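One structure is given here, and the rest of the page talks about it.
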Amino acid sequence: MILVLLALAVGLFAMLMVGYLAHIVNREPPGTDEMIRVANYIIESADAFIRRMYKSIAIFVVLMMILLALIFRSFVILGVFFLGVFLSLTAAFIGLHVAVKAGLKTVSAARTSTERAFIIAFYGGAVMGLSVIGLSLIGAGILFLLLRNPQMFVGFGFGVSLAALFAQLGGGIFTKAADIGADLVGKIEQRIPEDDPRNPAAIADLVGDNVGDCAGRGADIFESISDDYITAMILGSMLIGSLGENVLVYPLVVGAAGVLATILGLYAVKLLRKRKPNIAFNITLITTAALCIVGAYLCAVALLNNITVFYAMLSGLLVTLAVGLVVQYYTGIGRGPVKVMAETSKRGAALNIITGLAYALQTPFFPIVLVLASALFSYFICNVPLYGIVAANIGTDLLAGIIMSSDTFGPICDNAAGIAEMAKVRTKNGLALAELDALGNTTKAYTKAYASTSCTISTIVLFLTYGELAGLRQAVASLLDPKIIAGLILGATVPFIFSSMAIGAVSKTAYKIVDEARRQFREKPAILEGKAKPNYARCVDIGTKNALKNMITPTVLTLISPIIIGFILGKYALGAMLLGSLATSALLAPMFTMGGGLWDNAKKYVERRFWMKGTPLHEAVVTGDTVGDPLKDTAGPSLNIFMKLMNMTALLILPFLVMA
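The sequence shown begins at 79 in my numbering and counts up by one.
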């Protein structure tokens with residue numbers, strides 16, 4: 079009990095730090111009237127989007143609660159489900175609310191100090207990072223204090239996963255539709271720069287950075303951590319005889335150690351502010367990792383008296399660092415693949431897309447090898463093999479706070495650069511915002527790869543949890559059973575259908591934004607001359623309506639697929655389905671995120687050579703970037719949540735399958 083209360087206290091302390099960091103960001107001077115005017119467009123549009131999205135989610139959640147009430151007839155299930163939805167959306171809202179303001183404050187700070195701009199942007203991102211890890215720890219702690227029975231926590235995980243999928247899909251569809259619309263009409267058709275105030279879709283593009291990379295990714299990481307706490311406590315409850323009573327609270331205590339390490343890591347950012355931003359970030363990441371390792375060791379020895387659990391956890395943490403090297407190779411500007419992409423693009427957009435696809439098909443290999451190496455190492459090194467994989471999974475969460483902070487840092491810097499261009503702001507160092515924006519692009523790419531890796535290990539543990547509760551270990555089920563084969567193949571197929579829906583939703587929304595931007599240019603030629611203002615709100619409204627409408631169908635597919643297979647073919651076939659969906663989702667997600675990142679950075683590589691803008695080469699790389707956009711920011715991140723929500727749905731309906 080005392081340990082759980084201590085973990086809760088750490089979670090509350092994290093939220094106090096959120097308030098403190100938000101205060102630092104808010105007290106920064108806002109800048110010129112023109113900067114404030116542009117920023118207000120973004121803030122008001124982002125608030126309007128999030129309000130409408132939350133209304134749509136609320137309607138769906140109410141319908142889901144009615145359905146759960148009819149099926150389970152349990153106030154506990156309803157309560158934990160609602161708590162999961164509420165905390166997930168709260169974390170996303172807090173982070174988004176501060177991030178949209180931090181963009182303006184970063185521009186203001188950059189006028190006098192690059193170091194100050196870096197601090198403001200990183201602290202703005204840290205609000206999201208600490209909100210995610212703090213509220214997930216608070217949620218899991220409250221559940222443990224009130225219920226004590228970990229198997230009752232599944233409803234919480236289901237609520238968290240459902241809210242996360244809505245946030246990621248809605249935000250992802252909007253952000254990439256706006257980005258594609260702004261690029262096609264602005265860069266290719268009208269030959270005007272990115273974030274040019276004459277582009278009707280420019281504000282929608284900047285809003286999209288926030289609702290996709292901030293709210294969407296925050297909900298994604300929140301879901302991973304929360305689901306990991308739940309599965310660790312469920313499987314831990316089955317291993318009390320081997321590891322002792324403390325195994326139930328161990329995930330919470332280790333999570334609290336990770337939160338404290340993150341807070342100390344954020345302090346290191348301030349100490350390193352005089353360094354180059356990329357060096358400061360790398361040192362901060364390494365410092366936080368070192369503190370997490372110390373905390374994990376002390377927890378394993380003090381609570382479980384089991385050093386092998388620490389070794390397993392260490393392997394998970396190291397995987398989260400190693401995947402960054404893979405990202406750097408495939409997406410780093412100046413690395414081989416990006417240079418090859420730029421070179422082939424001289425021969426046209428078709429070769430850009432073919433080359434990008436060839437590289438994208440390579441990208442899942444090393445992340446999957448790292449995940450499997452960690453899982454196998456943990457299984458064999460730990461004297462309680464099953465818990466070894468659980469410990470590795472928890473290890474991937476320890477750096478979530480600092481990684482999420484750096485991820486939100488990306489769109490804050492992107493927005494800052496956009497505000498500066500639209501408001502024609504001059505900074506003390508002309509390259510200050512460009513340097514921060516470049517670092518932000520790197521951290522965003524790293525976070526996407528981290529999220530895919532973490533979600534893959536999380537889903538493996540979710541599948542193991544389903545297997546233990548469904549009795550798959552003791553089952554006599556043949557792989558030659560037609561029902562098992564059908565479940566496996568159908569499970570492997572569903573992620574493709576889901577991805578198709580997500581990418582198609584971006585396409586439908588993007589062409590409507592393109593049509594609107596073209597209409598404004600056609601009907602008001604003075605816009606291009608800079609003598610009239612575009613109607614920014616119209617593009618934002620079109621993107622919002624269509625994104626929210628198109629996020630429903632993929633979500634319903636995710637929910638009904640395991641239900642149909644489970645009740646028609648049985649719990650063993652459902653297990654095969656979960657395994658099949660895990661296999662293909664774990665390959666598609668990094669392929670989409672890193673492949674899309676490669677197309678994106680090939681474009682940036684060409685755009686850094688300013689004399690190449692407006693050339694056929696530039697058009698080719700912009701075309702490739704628009705192909706990669708819905709892959710890296712919509713389909714890929716959404717697949718991370720998709721595979722976990724399918725497993726959570728299976729765990730929720732499992733009692734009925736066992737009784738059947």
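Just so it is clear, CB atoms sit at the ideal spot from N, CA and C, and this is done for glycine as well.
Because the structure is a prediction, the values reported are computed rather than measured.
Under the three-state DSSP convention, the category residue i falls into
i    : result
I144 : helix
Q268 : coil
E607 : coil
T110 : coil
N628 : helix
S191 : coil
M482 : helix
P442 : coil
D273 : coil
S456 : helix
L476 : coil
A279 : coil
G426 : coil
K522 : helix
A501 : coil
P612 : coil
Exposed unless 16 or more other CB atoms sit within 10 angstroms - verdict on residue i
i    : result
T184 : buried
L637 : buried
H696 : buried
P107 : exposed
S532 : buried
T534 : buried
A254 : Note on residue identity: the sequence assigns Lys, not Ala, to residue 254. Burial call: buried.
T398 : buried
P603 : exposed
A428 : exposed
V684 : buried
M79  : exposed
V634 : exposed
Beta-carbon proximity check, residue i vs residue j, cutoff 8 Å
i    : j    : result
A530 : P632 : It should be noted that the sequence gives Ser, not Ala, for residue 530. It is not a contact, given that the beta carbons lie outside the stated cut-off.
L732 : L657 : no
I308 : G402 : no
I497 : T386 : no
P489 : N227 : no
R130 : T587 : no
G675 : T433 : no
L344 : A204 : yes
D305 : D283 : no
A420 : V699 : yes
N324 : L262 : no
G314 : Y328 : yes
A85  : L215 : yes
G702 : A728 : no
M391 : A297 : no
K526 : K710 : yes
L342 : L369 : yes
Neighbourhood of residue i by C-beta, 8 Å cutoff - its chain only, sequence neighbours within 5 removed
i    : result
I562 : A555, S556, Y650, A651 and A654
V379 : I385 and F388
D274 : G264, A280, E499 and M500
G414 : Y407
L665 : P442 and I446
I371 : L392 and L395
Residues near residue i in its chain [Cβ-Cβ closer than 6 Å; skip 5 each side]
i    : result
T662 : A570 and P573
F667 : In the sequence as presented, Phe is not what sits at residue 667; that position holds Ala. Taken in chain order, the residues that qualify are S530, G714, L717 and N718.
L165 : L213 and G217
A494 : G181, T184, V185 and L511
P278 : A595, Q598, P612 and C617
I361 : L350
G207 : G479, M482 and S483
Neighbourhood of residue i by C-beta distance below 7 Å, restricted to the same chain and skipping five residues each side
i    : result
P355 : F196, E513, L514 and L517
L146 : I155, L156 and F159
Y457 : P463, G466 and I467
I128 : F171, L174, V289 and A293
I643 : G565, L568, A651, L652 and M655
T441 : Y408, P668, M669, M672 and G673
Any chain D beta carbon closer than 8 Å to residue i
i    : result
V238 : No chain D is part of this structure, which consists of one protein chain only.
**Report entry** Any alpha helix (DSSP H) of 4 or more consecutive residues that is wholly inside the stretch 664-730
**Finding:** 694-708
Query - Sequence ranges, alpha helix (DSSP H) only - wholly within the stretch 355-405, length at least 4 - result: Runs of the alpha helix (DSSP H) inside the stretch 355-405: 355-377.
Query raised in the report: Can you give, in chain order, each stretch of the alpha helix (DSSP H) that sits fully within the stretch 633-664 and has at least 4 residues?
Result: none
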